[in-house]
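*Asks:* Just add 236 to wherever you are in the sequence shown, counting from 1, and you've got the working numbering. I have a structure here, written as structure tokens, and I will follow up with some questions on it.
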Amino acid sequence: IWQLQPDNRTWAELRTKTTYFPFYTHDQNTPSTTWTVAHGKDTKYFSYTMFDADGFQIMPNEVQIVDTNTVVFEFNTPVAGHLTLSFAESS
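Following this line, the structure appears as structure tokens:
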């Protein structure tokens, strides 16, 4: 994962202090009203950011945590885009 730097021009590789990788990304290439995401992080505590295929930030109508490894995002109309889940680093 790469992080845009404060100058808004330079990218740097994002590194953590441990081997735990606190992010999961999902690309929904086919427009759908349901995005089912199997992140495999064994936790239900996360935050998320979503963008549609045109680069606009979007919000789902509903979010359902199915289990500690799966989350479902529901939309009123089919949408394609990109999702980033951010997890707290385990202690």
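The beta carbon of each residue, even a glycine, is placed where N, CA and C say it ideally should be.
1) Distance, Cα to Cα, T269 vs P296?
2) Only counting the same chain, and skipping five residues up and downstream in sequence, which positions put a Cβ closer than 7 Å to that of V299?
3) In its own chain, which residues sit with a C-beta less than 8 Å from the C-beta of Q293, not counting the 5 before and 5 after it?
4) Over what stretch of residues does the beta strand (DSSP E) that includes H275 continue unbroken?
5) Give the secondary structure of Y284 by DSSP, where H, G and I count as helix, E and B as strand, and everything else as coil.
6) N265 to V315, Cα distance in whole Å?
7) Assign G291 to buried or exposed, taking buried as 16 or more other Cβ atoms, counted over all protein chains shown, within 10 Å of its Cβ.
8) Please confirm whether E263 and L319 have their CB atoms less than 9 Å apart.
*Replies:* Taking the geometry as given:
1) 9 Å
2) Around V299, the same chain offers V307, F309 as residues with beta carbons nearer than 7 Å, after the five sequence neighbours per side are excluded.
3) T285, M286, F287
4) Where H275 is concerned, there is no enclosing beta strand (DSSP E), given that its DSSP letter is neither H nor E.
5) strand
6) Here the C-alpha atom of N265 lies approximately 9 Å from the C-alpha atom of V315.
7) exposed
8) Strictly speaking, residue 263 in this sequence is Asp, with Glu absent from that position. Contact flag set, yes.
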